[in-house]
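Heads up, the sequence shown is in the UniProt record's numbering, so the first residue is 1 and it goes up one at a time.
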Amino acid sequence: MSNLFKSSHVIAIEDLKHLQWENRYVPAPVIENEIVVEQEPPGPDDETISMRDQILQDAEAFAEERIKQAAEQSEIMLNDARAQIDAWWLQKRAEDEKTVEAVRQSAYEQGYQEGFRHAEAENSRKWEDTISESSQLLQQAYLMKEQIIQEAEPFLVELSCAIAEKVLGKQLTISPDMALELIRKCLSRKREQGVITLCVAPKYLSFVQAAREELALAIDSQAELQILPDATVKDHGCVIRSAFGSIDARIDTQLEEIKRELIQLALQSEERRLSDEHAQA
């Protein structure tokens, strides 16, 4: 059973439009002590995958820039090597013309040929070394790209969740009715009789008490709703307890659940990539 709670409200913040998905993606609360039938956990939804893809695209863009820099450095090295070789050939040609004349005059043609072959072999070796060095540089750049992506994913997930927590807290402060809607939806899951205890942050107790009649409509008519302060609730969320178990709808708890799913998704993606590379090897 999924522990995520999804809110139907869209939170619009002009200076943080790219984080609208956090405001829409409110996971289902965690239900403790309830007897439930084990179900196969659902796969990540489109919104989770879309967010993961955006995170990967940002990391890949940074890695591609590093590769571009490495390629430019390699091109400079190759151009320098070509320039040095051209200069060497021009100088050698001028020297060779003088040497040929001297060798012809002194009958040392054989010595000249051996020297020329030696110089040609030395030049070929230098060229191969330059090509090999450039190839290694590019290979290191590609490896760096994969490492950057792998190391960036957990960090970006942590950063995104921290930003989402601030955005949600700010929006719920601006629009307190959204907090009541969240509580009402959580209460509607408790379709049972008896005493249902709604635990909220102490500073929001009076606000929630004022909406008691509205919230009572979300539970069974034979049930009794008690609203109590709870120091463990730090935000606009709530914890609902009854004889059949509890529902944890605190914002920080649900964001932590989102973060765990995103990190798990990233790890699964990395495992598939390594498996594909191993299969191709």
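All C-beta atoms, glycine included, are put in the ideal place defined by N, C-alpha and C.
Problem set entry | Contact under 8 Å by Cβ, residue 48 with residue 262 | Working through the sequence shown from its first residue, we reach residue 48 at position 48. Working through the sequence shown from its first residue, we reach residue 262 at position 262. Against a cut-off of 8 Å, the Cβ pair of residue 262 and residue 48 comes out as a contact.
Problem set entry | Paired residues, beta bridge with residue 230 - DSSP | Translated into positions along the sequence shown, residue 230 becomes position 230. The partner list for residue 230 (beta bridge, DSSP) is empty, contrary to what the question assumes.
For this session: Select from 71, 231, 234 and 223 the residue whose C-alpha is nearest the C-alpha of residue 133.
Result: Reading the sequence shown from its first residue, position 133 is the one you call residue 133. It is 71 whose Cα lies nearest to the Cα of residue 133.
For this session: Per DSSP, which residues does residue 194 bridge with? Please list them.
Result: Counted from its first residue, the sequence shown places residue 194 at position 194. DSSP, once it has assigned bridges, lists 223 as partnering residue 194.
Exercise. Out of curiosity, what's the CA-to-CA distance linking residue 102 and residue 94?
Worked result: Within the sequence shown, numbered from 1, the residue matching residue 102 stands at position 102. Within the sequence shown, numbered from 1, the residue matching residue 94 stands at position 94. One C-alpha to the other measures close to 13 Å.
Problem set entry | Helix, strand or coil at residue 248 according to DSSP, with G and I counted as helix | Sequence index remark: in the sequence shown, residue 248 carries index 248 (1-based). It is a strand residue.
For this session: Have a look at the DSSP bridge pairing and note the partners of residue 200.
Result: Here residue 200 refers to the residue found at position 200 of the sequence shown. DSSP output for residue 200 lists 229 as bridge partner(s).
For this session: Output yes or no for whether 8 Å exceeds the beta carbon distance between residue 196 and residue 212.
Result: As a first step, residue 196 is located in the sequence shown; it is residue number 196 there, counting from the start. As a first step, residue 212 is located in the sequence shown; it is residue number 212 there, counting from the start. No, the pair does not count as a contact, with Cβ atoms beyond the cut-off.
Exercise. Going along the chain, which residues of its own chain have a beta-carbon closer than 6 Å to the beta-carbon of residue 205, five neighbours each way excluded?
Worked result: Counted from its first residue, the sequence shown places residue 205 at position 205. Hits under 6 Å: 229.
Problem set entry | Pairwise C-alpha distance: residue 137 and residue 126 | As a first step, residue 126 must be located in the sequence shown, where it is residue number 126. As a first step, residue 137 must be located in the sequence shown, where it is residue number 137. Taking the straight line joining both Cα atoms gives about 17 Å.
Problem set entry | Best match in 91, 178 and 248 for proximity to residue 238 [C-alpha to C-alpha] | Walking along the sequence shown from the start, residue 238 turns up at place 238. Of 91, 178 and 248, the residue nearest in Cα terms is 248.
Exercise. Of all the options 236, 118 and 235, which has the alpha carbon lying nearest to the alpha carbon of residue 92?
Worked result: Here residue 92 corresponds to residue number 92 of the sequence shown, with the count starting at 1. Per the Cα distances, 118.
Problem set entry | residue 140 burial status per 10 Å Cβ neighbour count (16 or more: buried) | On the sequence shown, residue 140 is found 140 positions in, with the first residue counted as 1. Answer is exposed; the Cβ neighbour count stays below 16.
For this session: Could you give the DSSP three-state label for residue 189: helix, strand or coil?
Result: For the purposes of this step, residue 189 is taken as the residue at position 189 of the sequence shown. Correct three-state label for residue 189: coil.
Exercise. Hey, would you say residue 260 sits closer than 8 Å to residue 199, going by beta carbons?
Worked result: Position 260 of the sequence shown holds residue 260. Position 199 of the sequence shown holds residue 199. Cβ atoms of residue 260 and residue 199: not closer than 8 Å.
Exercise. If you draw a straight line from the C-alpha of residue 257 to the C-alpha of residue 251, how long is it?
Worked result: Working through the sequence shown from its first residue, we reach residue 257 at position 257. Working through the sequence shown from its first residue, we reach residue 251 at position 251. Whole-angstrom Cα-Cα distance: 10 Å.
For this session: Apply the 10 Å Cβ neighbour rule to residue 129 and answer buried if 16 or more other Cβ atoms are within range, or exposed otherwise.
Result: For the purposes of this step, residue 129 is taken as residue 129 along the sequence shown, with counting starting at 1. Exposed.
Exercise. Is it the case that the Cβ atoms of residue 179 and residue 202 are separated by a distance below 8 Å?
Worked result: Here residue 179 is taken as the residue at index 179 of the sequence shown, counted from 1. Here residue 202 is taken as the residue at index 202 of the sequence shown, counted from 1. No, they are not a contact pair.
Exercise. Who pairs with residue 208 in a beta bridge, going by DSSP?
Worked result: On the sequence shown, residue 208 is found 208 positions in, with the first residue counted as 1. When DSSP reads this structure, residue 208 sits in no beta bridge, so it has no partner.
Exercise. Taking the Cβ atom as the reference point for each residue, do residue 220 and residue 192 lie within a distance shorter than 8 Å?
Worked result: The sequence position of residue 220 within the sequence shown is 220, counting from 1. The sequence position of residue 192 within the sequence shown is 192, counting from 1. Yes; because the gap between Cβ atoms is below 8 Å, this pair is in contact.
Problem set entry | Between the CA atoms of residue 55 and residue 65 - distance to the nearest angstrom | As a position in the sequence shown, residue 65 is number 65, starting the count at 1. As a position in the sequence shown, residue 55 is number 55, starting the count at 1. Each residue's alpha carbon lies about 16 Å from the other.
Problem set entry | Status (buried if at least 16 other CB within 10 Å, exposed otherwise) for residue 68 | As a working note, residue 68 is residue 68 in the sequence shown. Exposed, because fewer than 16 other Cβ atoms sit within 10 Å of the Cβ of residue 68.
Problem set entry | Cα-Cα separation between residue 114 and residue 81, rounded to whole angstroms | Residue mapping note: residue 114 aligns to position 114 of the sequence shown, counting from 1. Residue mapping note: residue 81 aligns to position 81 of the sequence shown, counting from 1. Cα to Cα, the separation comes out at about 25 Å.
For this session: Tell whether a beta-carbon distance below 8 Å holds between residue 218 and residue 184.
Result: As a first step, residue 218 is located in the sequence shown; it is residue number 218 there, counting from the start. As a first step, residue 184 is located in the sequence shown; it is residue number 184 there, counting from the start. Yes. Within cutoff.
Exercise. Of the residues 89, 63, 271 and 97, which one's Cα is nearest the Cα of residue 143?
Worked result: Translated into the one-based positions of the sequence shown, residue 143 becomes position 143. Nearest of 89, 63, 271 and 97 to residue 143, Cα basis: 63.
For this session: Whole angstroms is fine: what's the gap from residue 216's alpha carbon to residue 264's?
Result: Mapped onto the sequence shown, residue 216 falls at position 216. Mapped onto the sequence shown, residue 264 falls at position 264. Distance between the alpha carbons of residue 216 and residue 264: 38 Å.
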